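Student: When we follow the working numbering, the leftmost residue of the sequence shown carries the number 195, and every step to the right adds one.
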Amino acid sequence: MATDTLKSTSSADSATGGLRRLLLDNGALSALIVLVIAMSALSGDFLTTDNLLNVGVQAAVTAILAFGVTFVIVSAGIDLSVGSVAALSATVLAWSATSHGVPVLIAVLLAVVTGIAAGLVNGFLIAYGKLPPFIATLAMLSVARGLSLVISEGSPIAFPDSVSHLGDTLGGWLPVPVLVMVVMGLLAAFVLGRTYIGRSMYAIGGNEEAARLSGLRVKKQKLAIYALSGVFAAVAGVVLAARLSSAQPQAADGYELDAIAAVVIGGASLAGGTGKASGTLIGALILAVLRNGLNLLNVSAFWQQVVIGVVIALAVLLDTLRRKAGATPVAGASQGGKGRQAATYGLAAVVTVAIVGATSFLHNGSSSTANPKVGLSLSTLNNPFFVQIRSGAQAEARKLGVDLTVTDAQNDASQQANQLQNFTSSNLGAIIVNPVDSDAASNSVKAADQAKIPVIAVDRGVNKASVDALVASDNVAGGELAAKSIGEKLGGKGKIVILQGQAGTSAARERAEGFAQGLKAYPGIQVVAQQPADFDRTKGLDVMSNLLQAHPDVQGVIAANDEMALGAIKALGSKAGTSVSVVGFDGTPDGLNAVKDGTLYASVAQQPSQLGKIAVDNALKALDGKKVEETIKVPVKVVTKENVAGFTG
């Protein structure tokens, strides 16, 4: 009896230990399974074919970038430049193919060569220049992004139609970005597991000095490793630009952090020596599932960043626990280990399907809410103007009984495309979009049109796609009013500077066009400097401080929004409102307070709360099948100290 009890206890301990080891060895996979099950339980819209394909598409660019970063991290390096290199490669392709008539095939090769060149420069600085990888790739991040802006002149470049098909679907349902992701993943797995350079990565990451003493040409291998990272970055940039139908100079901004996070979540160690392509793919899918699910659950974009940061910290903690527990390393595996790994993945898939299938019954037969559902995708909520649009929309939605879901694209055209895809797959009644970029939003709006979902554009239009209505002010006309205000204030003579908005955005281009047209009526006004400050108050302060060193006698400032104008006022100090007149744009609460105080001479106000209110009204009309006007203009108004008391925005 005692023997039987002992055997039973030993078997139980063995089973518990085996389960614990399985979870430690496959922490990322376990986390992905838990996430899929949780999202399926929490949202009835998650477990649909369209939405799962959305997750694949949204993971594609990050995964492709991350495969390249895996090579670098396995070799104990880091590459912070992949996002900028992706944008530069896509810009080179679009610029050469559309602006200079280069055949598309050669243009694609030029994009890949651009990625290779950037990678080789990184590798040379690290291997031969002895720069730390962090510093070398940080420098390339800035250089590549700057070159992208120089080549594109700060504006998106339309992508060739033949390459834009990379953002389409095969057979009307299978997204091409997912296929490219799979192909690049298989290539990464082959390089890591079956090639000399792959084995070199693990050797260098495990112990660089030992690798060198064993006869490995470490410097040349590092050149090749960073060149490979550049190739994958170039492919990711092409896929991203194809999806957006344009090469965005600000595309993939911050994606290097997502790529590194995917690699770490997938089980690779930043100390080097471990990592695999399958783990990286799982890491990218975890990030995509998180963002997709949190969007469907209407979680704030700000909280999404918090959640993803916690997930990354937990992934590193799990890696530490795995090492302490002596779990199987995630470097190259033996044939038996690979068979065991395949069995694990197969079992995980079966368990996930079974549990998710059972979970789906939670949503069967559930009735939809009586309130109409509308989605609002804003370009950013890090700007008071768009916060006011949201406030106006939310107030009107509450009044009309509309269930309004608001998302923040954080000035990232790709992230907005993801959010619009999520809205479409969630079968919302109507969509309101404030585009990050008018061209980049076109494919997502077309998809909503095909799903018979009404789309209302607010503040900015959508190019190459049909929307039911555009609710907007005229940015060009507003720019002309700003120029007229400063011209009249200075009596038609004087020196001014212009603070431009974020390069690549339609608002920045249109307002700059309006400034230029309006100033033609005042030949005595001399524009001594024009510099971008990215619609940001801090950057407006810094740029204006710098410009004052070169032009201390400036008499006027035109800023493309109130935030930059307020930064300029801070830099001007006592000169603001006395010897220097400043004109802003948007009519934000802080801007209006500055007008009251006299430090801001005028603000061209667009009444953002009205924009949000009218957008919701027209979305509801379109949802009810009522006729809406194609263009609804909300008048702009120059607000000065004389009329600011009666203006509410």
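No residue lacks a Cβ here, since even glycine has one placed at the ideal position from N, Cα and C. As the structure is a prediction and not an experimental result, all values here were calculated from the model.
(1) Looking only at C-alpha atoms, which of S269, D273, I391 and D784 sits nearest to A338?
(2) With a CB to CB cut of under 6 Å and the five nearest residues on each side skipped, what residues in its chain are close to E450?
(3) Hey, A270 and G467 are a contact pair by Cβ (cut 8 Å); roughly how many whole angstroms apart?
(4) Restricting to Cα atoms, I'd like to know which of S394, Q696, V737 and N755 is closest to D728.
(5) What residues match up with Q724 in a beta bridge as DSSP calls it?
(6) Determine contact between the region 318–331 and the region 408–425, defined as no fewer than three beta-carbon pairs at a distance below 8 Å.
(7) Should N611 and A435 be called a contact, given that it needs their Cβ atoms to be closer than 8 Å?
(8) Determine contact between the region 566–573 and the region 628–645, defined as no fewer than three beta-carbon pairs at a distance below 8 Å.
(9) For D606, which residues in the same chain have their Cβ closer than 6 Å to its Cβ, ignoring the five residues on either side in sequence?
(10) If you run the structure through DSSP and keep just helix, strand and coil, what is F841?
(11) Along the alpha helix (DSSP H) that carries V433, what are the first and last residues, could you check?
(12) Rounded to whole angstroms, what's the CA-CA distance from S346 to Q725? Just pull it up for me.
(13) For A462, list the residues DSSP reports as bridge partners.
(14) Is the distance from the Cβ of A813 to the Cβ of V568 below 8 Å?
(15) Pair every Cβ in the region 464–480 with every Cβ in the region 660–676, then say whether three or more of these pairs are closer than 8 Å.
(16) Skipping 5 residues on each side, what residues in its chain have a beta carbon closer than 6 Å to that of L735?
(17) Compare the beta carbon distance of A816 and A587 with 8 Å and say whether it is the shorter of the two.
(18) On the three-state DSSP scale, how would you describe A527?
(19) Could you tell me which residues DSSP puts in a beta bridge with P369?
(20) Does the structure place the region 298–306 close enough to the region 454–466 that three or more beta carbon pairs sit under 8 Å?
(21) Given that a residue counts as buried once 16 or more other Cβ atoms are within 10 Å of its Cβ, and exposed if not, what is E836?
(22) Are the region 673–691 and the region 790–810 touching by the rule of at least three beta carbon pairs closer than 8 Å?
(23) Could you give the DSSP three-state label for D668: helix, strand or coil?
(24) State the DSSP-derived secondary structure class of S469, mapped to helix, strand or coil.
(25) Helix or strand or just coil, what does DSSP make of S494?
(26) Which residues in the same chain as V832 place their Cβ atom closer than 7 Å to its Cβ, once the five residues preceding and following it in sequence are excluded?
(27) Are V789 and I752 touching if we call contact CB-CB under 8 Å?
(28) Starting from D355, trace the alpha helix (DSSP H) both ways and give me its first and last residue.
(29) Buried or exposed for S423, please, with buried defined as at least 16 other CB atoms from any protein chain shown within 10 angstroms of its CB.
(30) Tell me which same chain residues have a C-beta within less than 7 Å of the C-beta of S290, skipping the five on either side of it?
(31) Judging by CA-CA distance, which residue of A235, D244 and G238 is the nearest neighbour of S619?
(32) Helix, strand or coil: how does DSSP classify D784 here?
(33) Can you give the Cα-Cα distance for H745 and V266, rounded to whole angstroms?
(34) Sort P717, S700 and G750 by Cα distance to A723 and report the nearest one.
(35) Which of helix, strand or coil does DSSP assign to F779?
(36) Which whole-angstrom value is the C-beta distance of A702 and Q694, which I expect to be below 8 Å?
Tutor: Checking against the coordinates, here is how it stands:
(1) The residue labelled residue 338 in the question sits at position 144 within the sequence shown. Relative to the Cα of A338, the nearest Cα in the group S269, D273, I391 and D784 belongs to D273.
(2) The residue labelled residue 450 in the question sits at position 256 within the sequence shown. Hits under 6 Å: L274, V276 and G277.
(3) For the purposes of this step, residue 270 is identified with residue 76 of the sequence shown, where counting begins at 1. For the purposes of this step, residue 467 is identified with residue 273 of the sequence shown, where counting begins at 1. Between A270 and G467 a beta carbon distance of about 7 Å is seen, short of the 8 Å cut, so the two are scored as contacting.
(4) As a first step, residue 728 must be located in the sequence shown, where it is residue number 534. Of S394, Q696, V737 and N755, the residue nearest in Cα terms is Q696.
(5) Reading the sequence shown from its first residue, position 530 is the one you call residue 724. Answer is I692, bridged to Q724.
(6) Taking a contact to require three or more Cβ pairs closer than 8 Å, the region 318–331 and the region 408–425 qualify as touching.
(7) Here residue 611 is taken as the residue at index 417 of the sequence shown, counted from 1. Here residue 435 is taken as the residue at index 241 of the sequence shown, counted from 1. Checking the sequence shown, residue 611 turns out to be Ala, not Asn. It is not a contact, given that the beta carbons lie outside the stated cut-off.
(8) Yes, they touch.
(9) The residue labelled residue 606 in the question sits at position 412 within the sequence shown. Residues of the same chain with a CB within less than 6 Å of the CB of D606, apart from the 5 flanking positions on each side, do not exist.
(10) Within the sequence shown, the letter at position 647 stands for residue 841. In the structure shown, F841 sits in coil (DSSP, three-state: anything other than H, G, I, E or B).
(11) Translated into the one-based positions of the sequence shown, residue 433 becomes position 239. From DSSP, the alpha helix (DSSP H) with V433 extends over V412 to L438.
(12) Working through the sequence shown from its first residue, we reach residue 346 at position 152. Working through the sequence shown from its first residue, we reach residue 725 at position 531. Their Cα atoms are separated by approximately 16 Å.
(13) Here residue 462 refers to the residue found at position 268 of the sequence shown. The partner list for A462 (beta bridge, DSSP) is empty, contrary to what the question assumes.
(14) Locating residue 813 in the sequence shown gives position 619, where the first residue counts as 1. Locating residue 568 in the sequence shown gives position 374, where the first residue counts as 1. Yes; because the gap between Cβ atoms is below 8 Å, this pair is in contact.
(15) In the pairwise beta carbon analysis, the region 464–480 is classified as not touching the region 660–676: fewer than three pairs are separated by under 8 Å.
(16) One-based indexing of the sequence shown puts residue 735 at position 541. Here L735 has G761, K764 and A765 as same chain residues with Cβ atoms under 6 Å from its own Cβ, once five neighbours each way along the sequence are excluded.
(17) Stepping through the sequence shown from its first residue, residue 816 is reached at position 622. Stepping through the sequence shown from its first residue, residue 587 is reached at position 393. Taking 8 Å as the Cβ cut-off, A816 and A587 do not qualify as a contacting pair.
(18) Position 333 of the sequence shown holds residue 527. Because A527 sits at a pLDDT of 47, beneath the cut-off of 50, its placement in the model cannot be relied upon, and the point is left open.
(19) On the sequence shown, position 175 is the one that residue 369 refers to. Note: P369 is bridge-paired with T363 in the DSSP secondary-structure output.
(20) Per the Cβ contact rule, the region 454–466 is not in contact with the region 298–306 (fewer than 3 Cβ pairs under 8 Å).
(21) Start at 1 with the first residue of the sequence shown, and residue 836 comes out as number 642. E836 sits exposed, since fewer than 16 C-beta atoms from the chains shown fall within 10 Å of its C-beta.
(22) Yes, the region 673–691 touches the region 790–810.
(23) Mapped onto the sequence shown, residue 668 falls at position 474. DSSP places D668 in the coil class of the three-state scheme, outside both helix and strand.
(24) Position 275 of the sequence shown, counted from the start, is the residue given in the question as residue 469. In the sequence on display, residue 469 carries Gly and not Ser. Residue state, collapsed to three classes: coil.
(25) In the sequence shown, residue 494 corresponds to position 300, counting from 1. Coil at S494, not helix or strand.
(26) To locate residue 832, count along the sequence shown from 1; it is residue 638. If you ignore the 5 residues before and after V832, its C-beta comes within less than 7 Å of the C-beta of L675, S679, A796 and V798, all in its own chain and listed in chain order.
(27) Residue numbering aside, residue 789 sits at position 595 when the sequence shown is read from its first letter. Residue numbering aside, residue 752 sits at position 558 when the sequence shown is read from its first letter. In this structure, I752 does not lie closer than 8 Å to V789 by Cβ.
(28) On the sequence shown, position 161 is the one that residue 355 refers to. D355: member of the alpha helix (DSSP H) spanning D355 to S358, first to last residue.
(29) Here the question's residue 423 lines up with position 229 in the sequence shown. Taking all protein chains in view, the Cβ of S423 is crowded by 16 or more other Cβ atoms within 10 Å, so the residue is classified as buried.
(30) The sequence position of residue 290 within the sequence shown is 96, counting from 1. Same-chain partners within the cutoff: V296, A301 and L304.
(31) Within the sequence shown, numbered from 1, the residue matching residue 619 stands at position 425. Ranking the options by Cα distance to S619, first place goes to D244.
(32) Sequence index remark: in the sequence shown, residue 784 carries index 590 (1-based). In the structure shown, D784 adopts helical secondary structure according to DSSP, grouped into three states.
(33) Residue mapping note: residue 745 aligns to position 551 of the sequence shown, counting from 1. Residue mapping note: residue 266 aligns to position 72 of the sequence shown, counting from 1. The straight-line gap from Cα to Cα measures roughly 46 Å.
(34) Position 529 of the sequence shown, counted from the first residue, corresponds to residue 723. Nearest C-alpha to A723: G750.
(35) Mapped onto the sequence shown, residue 779 falls at position 585. Strand.
(36) Sequence index remark: in the sequence shown, residue 702 carries index 508 (1-based). Sequence index remark: in the sequence shown, residue 694 carries index 500 (1-based). Contact between A702 and Q694 holds: their C-beta atoms lie close to 6 Å from each other, under 8 Å.
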